[in-house]
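Protein chains in written order, with our numbering: chain W, 6 to 115; chain Z, 6 to 115; chain R, 20 to 169; chain B, 20 to 169.
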Amino acid sequence: MDINVKRDGRRSIVEVVGDIDLYSSPALRETVLDLFRKRGQKNVIVNLSNVDYIDSSGVASLVEGLQEAGKRSARFMLVGLQEGPRRVLELTLLLNVFEIHSTEEDALQA
Amino acid sequence: MDINVKRDGRRSIVEVVGDIDLYSSPALRETVLDLFRKRGQKNVIVNLSNVDYIDSSGVASLVEGLQEAGKRSARFMLVGLQEGPRRVLELTLLLNVFEIHSTEEDALQA
Amino acid sequence: MPGQVEITIAGHPRWLRLARSAVEGFCAALDVAEQETQSIVVAVDEALSNVMQHAYGGDCSRRVSLSCSARDNELQFEIRDQGVAFNPLDRDVPPPGELRSGGRGLYLMRTIMDRVEYRREGGSNCVRLSKTLDPYVRPAQGEAGKTHGH
Amino acid sequence: MPGQVEITIAGHPRWLRLARSAVEGFCAALDVAEQETQSIVVAVDEALSNVMQHAYGGDCSRRVSLSCSARDNELQFEIRDQGVAFNPLDRDVPPPGELRSGGRGLYLMRTIMDRVEYRREGGSNCVRLSKTLDPYVRPAQGEAGKTHGH
Ligand SMILES: Nc1ncnc2c1ncn2[C@@H]1O[C@H](COP(=O)(O)OP(=O)(O)O)[C@@H](O)[C@H]1O
Ligand SMILES: Nc1ncnc2c1ncn2[C@@H]1O[C@H](COP(=O)(O)OP(=O)(O)O)[C@@H](O)[C@H]1O
C-alpha cells in the first residue's frame, strides 16, 4: 500500500493505492490522525479509488479518522469507493456513517 | 484461459485470454491443430494480447502449430506478444523462429 | 481428508496479501463467482489477522496454516494456529455500525460464512469456515484420477 | 529452517495458477523487482509442472509442496514430491531454439535460476531453486520479533 498526501491549506487529500489490511492499516491510521492532530487540518478526504481491498483493521482506521474529525469539528470524507470495500462497509453497517462522495471534486464542493 | 476463434474463409484468428500453462495449453494445442487438420485453414493468427503468462507447455503448443503449418505450407503467426511471454520466447531462443506481428491488422496485411 | 490446497505462513501481516491471493486462486480454479470470492477472502483474512494479532500477540516467528478444500458445493477453510486457546463462537460480537475502533473481525467472519466451527486439538486452535455455494459449484473433479496428459 | 511461506497443492494442473500467485505474492512482499519476479515464477512453475506431469504421471491425487524462503539477498524455492526419483541435474538439456514440442522446462529452470540443487530424501525428491537478488533485497526482517501492533 502506498499513501500520497496532497495538502492545500487546512484541507488534505489522502490518496491510498493498494490493499488496506492489518499490515498496511497502521500507516493509514497514523497519516490520517496526524493530519488532524499535528497539522490541524479541517477537512480530510481519503481517496480509495485505487483500493480493492479493505479489512476490519482498515475500517477501524477510517472510523478513528471520523472520530478524530468529530472531536475537532472537522470533516472526514471518503471518495472513490470500489465494490469490495463498499461491501465491507455495508456489511459492517457503516456505509451511512461515513460521508461518501464519488470523486474528489464532488467532495471538495460538498 | 478462454479461447475465441474468429474464422473467415481459410484464415482464422485465435484469441486467447488468460494464462497458458500445463492446465490450459492442451486446449490451445487442440484448437490450433484442428484449424489446420480439420478445417484446412491456410493462415492461423494467435492473438496473445491478453496473455500475461506462458510456460514451456504453452510454448510447445505454439511450436506444434508452427510445425503443422510448415507441413501444409500454411502460415502461423503470433500477435500482441506481452512482456512476460516475449521473455519466455526469448529465453528459449524462439523469438526469431515465429512470425510475430504487433497487431491482428499487421498480421493480416503481412 | 487434507485440503486440495494448504498454505502455511509466518505470523507476520506482510504475508496476508499472499494468503488472500491463494484463497482467490482457489476460488478461481473452482469457478466461484467473483463477488462470492471477494467475501470469502475477507472472512479468511480476518481469521488469519486475528491469529497474528491476538493468538500470537504479534510474535511473527510463529506460524499459521490455512487449508482449503471443496466438496460437493461446499468450500471449507481451516485456519490452524498454536496460540492461546480461543473459541470465536464463545465471544459476544458487539453490534456493527457503532463508532468504535476494532471489534468487527469476528462479526465479518460469521456474517459472511455459513458456518463457523471451532475445535481445540492438541495445543492447536482450529477454526473451520464453511460456505455453501449456490448455484452448484464444480467440485475439484478428477482430483483422484488421471485427467490430464500432454 | 522452514520457509516463511509453504504451500501444498494436489498434483492437478488446475492449481498451478494459484501456486504462481503465491510465488508472486512472496516476491511482492519482499519488494523484488517485477521482471525478476516474472522469471522466478516461470522457473518454479516449470518445476511444479514437471512433478505433476512426469513424477506423478498425471495422478492428481498426489501432492506437491513448495517452500519459499528469503535469506540475506537470496531467494530459495524448494519443491518436494514423493514421485519417482529424478535428478534434474543428471539430465542433458537439448539446445533451445529447435522446433520440437516439449523439452524446455528444465532449460528454463536452469537458465533463470542461479542455482539448482537436488537431493533425494526418504522417498522424496527435493529440488531447490535459488536466485540471488541484485540490488540487495530486503530479507524478511523482524520475522523473529514483535514488529507490528494495532
Ligand atoms: N484468534 C484469536 N485468539 C485470541 N483472541 C482473539 C482471537 N480472535 C479474536 N480474539 C479476541 O476477540 C476480540 C474481537 O475480535 P475481532 O472481532 O476480530 O476484532 P478486533 O480484532 O478488531 O479486536 C479481539 O479483540 C480479541 O480479544
Ligand atoms: N520431476 C520429474 N520427474 C521425472 N521425470 C522428469 C521430471 N522432470 C523432467 N523429467 C524428464 O525430463 C524431461 C525433460 O523435462 P522438461 O525439460 O521439463 O521438458 P518437458 O516436460 O516438456 O518434457 C521430461 O520429458 C521427463 O522425461
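Even glycine gets a Cβ: it sits at the ideal position worked out from N, Cα and C.
Item: Tell me whether V61 of chain R is buried or exposed, calling it buried when 16 or more other Cβ atoms sit within 10 Å of its Cβ.; Value: buried
Item: Would you call the segment 97-106 of chain B in contact with the segment 62-72 of chain Z, where contact means no fewer than 3 C-beta pairs closer than 8 Å?; Value: no
Item: For V61 of chain B, return the contacting residues in chain Z, with the cut-off set at a CB-CB distance below 7 Å.; Value: D60, V93
Item: Can you tell me whether Q54 of chain R is buried or exposed? The criterion is at least 16 other CB atoms within 10 Å of its CB, across all chains shown.; Value: exposed
Item: One question on the structure: do S107 of chain W and V93 of chain W come within less than 9 Å of each other, judged by their Cβ atoms?; Value: no
Item: By DSSP, does R77 of chain W sit in helix, in strand, or in coil?; Value: coil
Item: Please report the straight-line C-alpha distance between V37 of chain Z and K76 of chain Z, rounded to a whole angstrom.; Value: 14 Å
Item: Alpha carbon to alpha carbon, how far is E95 of chain Z from I25 of chain W? Give it in angstroms, no decimals.; Value: 37 Å
Item: Check whether the segment 27-46 of chain B touches the segment 78-85 of chain B, taking contact to mean three or more Cβ pairs, one atom from each stretch, closer than 8 Å.; Value: yes
Item: Does L94 of chain R come out as helix, strand or coil in the three-state DSSP assignment?; Value: strand
Item: If you reduce the DSSP assignment to three classes, tell me which class G161 of chain R lands in.; Value: Summary for G161 of chain R: the model assigns pLDDT 43, below 50, so the residue's position carries little reliability; its value from the coordinates is reported in the next sentence. Coil.
Item: Using the C-alpha atoms, what's the distance from L86 of chain Z back to T97 of chain Z?; Value: 15 Å
Item: Leaving out five residues before and five after T27 of chain B in sequence, what residues of the same chain have Cβ atoms less than 6 Å from its Cβ?; Value: R82, S84
Item: Alpha carbon to alpha carbon, what distance is there between L108 of chain R and R138 of chain R?; Value: 10 Å
Item: Go through the segment 95-153 of chain B residue by residue and report every complete run of the alpha helix (DSSP H) that reaches 4 residues or more, in order.; Value: 124-131
Item: Does the beta-carbon of V22 of chain Z have 16 or more other beta-carbons within 10 angstroms, so that it is buried, or is it exposed?; Value: exposed
Item: Provide the residue(s) that pair with I8 of chain Z in DSSP beta bridges, ordered along the chain.; Value: Z:V21
Item: Considering only DSSP beta bridges, list what V24 of chain B is partnered with.; Value: R:I28, B:C87
Item: Closer than 9 Å by beta-carbon distance: list the chain W residues that pair up with R129 of chain R, in chain order.; Value: Result: empty, since nearest Cβ-Cβ is about 11 Å, beyond 9 Å.
Item: Answer with yes or no whether the minimum CB distance from G44 of chain B to chain R is below 9 Å.; Value: yes
Item: E136 of chain B to Q57 of chain B, Cα distance in whole Å?; Value: 21 Å
Item: Taking the alpha carbon of G22 of chain R as the point to measure from, which residue in R:E43, R:G124, R:E97 has its own alpha carbon closest?; Value: R:E97
Item: Does the distance from the CB of L94 of chain R to the CB of S88 of chain R come in under 9 Å?; Value: yes
Item: Taking 8 Å as the limit between beta carbons, can you name the residues of its chain near A32 of chain Z, skipping five residues before and five after?; Value: M6, I8
Item: For N69 of chain B, which beta-bridge partners are listed by DSSP?; Value: Answer is none; N69 of chain B lacks a bridge partner.
Item: With distances taken from CA atoms, which of W:K47, W:A115, W:V19, W:D60 is nearest G122 of chain R?; Value: W:D60
Item: Counting along the chain, where does the alpha helix (DSSP H) carrying S54 of chain W start and finish?; Value: First-last for S54 of chain W: 48-55, but that is the beta strand (DSSP E), not the alpha helix (DSSP H).
Item: For the alpha helix (DSSP H) containing L40 of chain W, name the first residue and the last one.; Value: 30-42
Item: Give a yes or no on whether the minimum CB-CB distance between L27 of chain Z and chain B is below 9 Å.; Value: yes
Item: In the structure shown, what three-state DSSP assignment does R15 of chain Z receive?; Value: coil
Item: Return the chain-ordered list of same chain residues with a C-beta closer than 6 Å to the C-beta of N55 of chain W, the five sequence neighbours on each side being excluded.; Value: V22
Item: Counting contacts by CB-CB distance shorter than 9 Å, is L125 of chain B in contact with chain R?; Value: no
Item: Measuring straight from C-alpha to C-alpha, what distance separates I105 of chain W and F41 of chain W?; Value: 19 Å
Item: Shorter than 9 Å from the beta carbon of E25 of chain R to some beta carbon of chain B?; Value: yes
Item: Is the closest heavy atom of ligand 3 to the C-beta of Q57 of chain B under 8 Å?; Value: Ligands in the displayed structure: ligand 1 and ligand 2; ligand 3 is not one of them.
Item: Say the cut is 8 Å; is the CB of R110 of chain B nearer than that to a heavy atom of ligand 2?; Value: yes
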